[in-house]
Structures are given as structure tokens and as C-alpha cells.
Amino acid sequence: AGCLTPNSYTYRINSSPSKELSDINRMIRQGCV
Amino acid sequence: CELTNRLTELKSELEDLEQKELILDQQRCWIEQSIRNTTEDCSNLTYVKHEDICNCFCGHTLLAVRAPSGTQLDVPIPKAVLNSPTKYQIYMKSIRGPIDVLLLNKH
Amino acid sequence: AQECQNLEVERQRRLERIKQKQSQLQELILQQIAFKNLVQRNRQSEQQANRPPPPNSIIHLPFIIVNTSKKTVIDCSISNDKFEYLFNFDSMFEIHDDIEVLKRMGMACGLEVGKCSPEDLKVARSLVPKALEPYVIEMAKGPISNVYITGG
Numbered sequence: 002a003g004c005l006t007p008n009s010y011t012y013r014i015n016s017s018p019s020k021e022l023s024d025i026n027r028m029i030r031q032g033c034v
Numbered sequence: 092c093e094l095t096n097r098l099t100e101l102k103s104e105l106e107d108l109e110q111k112e113l114i115l116d117q118q119r120c121w122i123e124q125s126i127r128n129t130t131e132d133c134s135n136l137t138y139v140k141h142e143d144i145c146n147c148f149c150g151h152t153l154l155a156v157r158a159p160s161g162t163q164l165d166v167p168i169p170k171a172v173l174n175s176p177t178k179y180q181i182y183m184k185s186i187r188g189p190i191d192v193l194l195l196n197k198h
Numbered sequence: 123a124q125e126c127q128n129l130e131v132e133r134q135r136r137l138e139r140i141k142q143k144q145s146q147l148q149e150l151i152l153q154q155i156a157f158k159n160l161v162q163r164n165r166q167s168e169q170q171a172n173r174p175p176p177p178n179s180i181i182h183l184p185f186i187i188v189n190t191s192k193k194t195v196i197d198c199s200i201s202n203d204k205f206e207y208l209f210n211f212d213s214m215f216e217i218h219d220d221i222e223v224l225k226r227m228g229m230a231c232g233l234e235v236g237k238c239s240p241e242d243l244k245v246a247r248s249l250v251p252k253a254l255e256p257y258v259i260e261m262a263k264g265p266i267s268n269v270y271i272t273g274g
């Protein structure tokens, strides 16, 4: 399935590489759009 | 003559790199099999204690999430809304089984 | 000259692919070392305590951790079948996987940051297939960025 919510980052437990979590954490730190 | 030499060098190097890539693919298979053996043979011992996790993230509120492989997490890009705090969201959806979330609050 | 140009492009493409595969292999080697160290630690703890830890004091792999400040207000909605969760935070959070937690626990012998003592290196080498030991030795000096040729 694609993204469940618009304009979001997706990660799949025990499937996606750890790097995708780093991307999410960086996006959260950079804060608001 | 120079071009001919460079061509010969490149062809030889590409063969080496092809060989190197095959070795890497083989080594990846070995280590993935080794990881599967460990997690399957010792499944009763692949756990961490709550205090292990709390010691890694001192002073924070922690949510430990256990979910079936493939469970999808969606993190929308935060939006700043005028005169109200930015909202941060995580949306989790499993298709294979229930999701368990544990609140770990050392303090 | 054109053929040279094409082979140069192919060479660059292959080098990039090899570096990516090497980086993935290093991550898998770290995972294997961390898993085996964790299993050994838990086995020793259980033998010393003569019993497994209480089930409500442990979390089995795989898991992820969401961590946020203790001041954060978290609002959570859960579907009846527990297949869907929606969390709202009024402050930033971070998400980490179990491998990151194992690294922070020291289970990867410091290889993830290239700071590995000789004793830890000895332990780490014993936890991977023989053919991959050269990688562990190289990783102990720091992340391998160039194309590292090991034996077959």
C-alpha cells in the first residue's frame, strides 16, 4: 500500500532499512514545513 | 596506443569489480543466514529488559512498539499552525496481527 | 574513445553499487554481532539467576522505540482490533529500531563507531563466519568507505 496519510514518510517494521528511520528523525528535527 | 591501453585496463578492472560484487553477494547470503539461525535458534533469548532501554534513552518517555513484520508506520511532515503548537503524528497500521505498545517511564 | 567513455561510466556505476553493498554488509555484520552478544548476555544472566526474567520486564525483538521528552503530551487512538494506532504528540519525537538500541547497549562492540578494544575485537571476530572476519578487523578501525577487497 502506498502512504496511508498524505505528505508523510513511511517505514515498515523489520523490513525497511534503518536509514529510513534516520530520515524520519531528521525530518521531525527540521520541524515544520 | 594510449586509448588501447586504457581500454585494456578498464576491461580488466570491470572484471575484477564483477568478481568483487559476486563475493559481496555471497557474503551477504552467509551473514543473512547466520542472522536467521541466531534469531530462530535462540528466539527465547533475543530480548532486552525494560531497564536496558531506559538506560539508553535517559529521562525520556518511551513507547516500545512490538508489531508483525511489515507493519507500516506513517509519519506526516509536521505542519506549523498559527498560534498553536505544531502537531507531530505517527500512524501505525498492521495487516498481519495486533500491535502492542508499552509505555516505559523509568521516572 | 567512445568505448573508453562507456566503460568509464560502467566502472563508476559498478563502484557505487559495490560501496552500497559493502555498507549493507557491514550493517548486517553489526546486527549479527549484536544479536549474538545479546543472546550470550541473556543466557549468562538466566544461568546466574537460575530462571528467565519475568515476562513483564522484557521486550522481545523485533521492536521499535519512540522516544520523546517527558514533558510531551501524547494522545493515542487505537482501533478495536489493535491493528491501527494513531499517536499525536505536542512535541518532537524520535523513532529507533531494535538494532539502534542494541548498539547503544554496547552489543556491537563499538564497531559501529570504529572504537573497538582489542578484547572486544576478539569477541566480535568469534561471532561472525570466518570469511567475514577481515571485514570486522577493518570495521574496528572505522567505517569502510573505500572498496575493500577480502578473500573469496
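Chains as they are written, first to last, in our numbering: chain A, 2 to 34; chain B, 92 to 198; chain C, 123 to 274.
We put the CB at the ideal spot given by N, CA and C, even for glycine.
Computed from a predicted model, the values in this text were never measured in an experiment.
Three-way DSSP call (helix, strand, coil) for residue i in this model
i                 : result
ARG119 of chain C : The structure shown does not extend to residue 119 of chain C, since chain C is modelled only from 123 through 274, so no value can be given for it.
PHE215 of chain C : strand
THR130 of chain B : helix
PHE157 of chain C : helix
LEU129 of chain C : helix
ALA246 of chain C : helix
ASN8 of chain A   : coil
ARG13 of chain A  : strand
THR95 of chain B  : helix
ALA155 of chain B : strand
VAL34 of chain A  : Its pLDDT being 45, under 50, VAL34 of chain A is placed unreliably by the model, and nothing is read from it.
SER201 of chain C : coil
ASN164 of chain C : helix
ASN210 of chain C : strand
PRO89 of chain C  : This structure cannot speak to residue 89 of chain C, because chain C is shown only from 123 to 274.
SER103 of chain B : helix
SER125 of chain B : helix
CYS231 of chain C : coil
Contact belief for residue i with residue j at Cβ below 8 Å, rounded distance in angstroms
i                 : j                 : result
THR152 of chain B : THR194 of chain C : 6 Å
LEU254 of chain C : GLN118 of chain B : 6 Å
PRO189 of chain B : ASP203 of chain C : 6 Å
CYS231 of chain C : ASP242 of chain C : 4 Å
ASN221 of chain C : ALA156 of chain C : It is worth fixing the name first, because residue 221 of chain C is Ile in this sequence and not Asn. The Cβ separation is near 6 Å, so the contact holds.
ALA155 of chain B : ILE187 of chain C : 6 Å
ILE14 of chain A  : THR162 of chain B : 4 Å
MET214 of chain C : ILE29 of chain A  : 5 Å
PHE209 of chain C : ILE181 of chain B : 4 Å
VAL235 of chain C : ARG247 of chain C : That belief does not hold up - the Cβ atoms of VAL235 of chain C and ARG247 of chain C are roughly 18 Å apart, past 8 Å.
PRO175 of chain C : LYS140 of chain B : 6 Å
Contacts that residue i makes with chain E (C-beta to C-beta distance below 7 Å)
i                : result
SER23 of chain A : Checking the listed chains, one finds no chain E in this structure; the protein chains it contains are A, B and C.
Bounding residues of the alpha helix (DSSP H) (the contiguous stretch that carries residue i)
i                 : result
MET28 of chain A  : 19-31
ILE259 of chain C : 255-261
VAL195 of chain C : That residue, VAL195 of chain C, is in no alpha helix (DSSP H); it is neither H nor E in DSSP.
VAL192 of chain B : That residue, VAL192 of chain B, is in no alpha helix (DSSP H); its beta strand (DSSP E) goes 191-195.
ARG187 of chain B : Counting along the chain, ARG187 of chain B falls outside any alpha helix (DSSP H), and DSSP gives it neither H nor E.
VAL223 of chain C : 220-226
Segment limits, beta strand (DSSP E) that includes residue i
i                 : result
MET183 of chain B : 175-184
ASN330 of chain C : Only positions 123 to 274 of chain C appear in this structure, which leaves residue 330 of chain C out of reach.
ALA171 of chain B : 170-172
ASN167 of chain B : Before going further, note that residue 167 of chain B is Pro rather than Asn in the sequence given. Segment 163-167, the beta strand (DSSP E) holding PRO167 of chain B.
ILE180 of chain C : 180-182
LYS140 of chain B : 138-140
Where the region 160-185 of chain B meets chain A: residues whose CB sits under 8 Å from a CB there:
Taking 8 Å as the Cβ-Cβ cut-off against chain A, the residues of the region 160-185 of chain B that qualify are SER160, GLY161, THR162, GLN163, LEU164, ASP165, VAL166, PRO167, ILE168, PRO169, LYS170, ALA171, THR177, TYR179, GLN180, TYR182, LYS184.
Residues within the region 205-232 of chain C neighbouring chain A, beta-carbon criterion of under 7 Å:
Of all residues in the region 205-232 of chain C, only MET214, PHE215, GLU216, ILE217, HIS218, ASP219, ILE221, GLU222 come within less than 7 Å of chain A when Cβ atoms are compared, listed by chain position.
Using a Cβ-Cβ cutoff of 7 Å, what residues of the region 174-208 of chain C are near chain A? List them in chain order.
PRO184, ILE186
Can you give me, in chain order, the residues of the region 129-159 of chain B that have a beta carbon less than 8 Å from any beta carbon in chain A?
Within the region 129-159 of chain B, the residues whose Cβ lies closer than 8 Å to some Cβ of chain A are VAL156, ALA158, PRO159, listed in chain order.
Using a Cβ-Cβ cut-off of less than 8 Å, give me the residues of the region 110-126 of chain B that come near chain C, in sequence order.
LYS111, GLU112, ILE114, LEU115, ASP116, GLN118, ARG119, TRP121, ILE122, GLU123, SER125, ILE126
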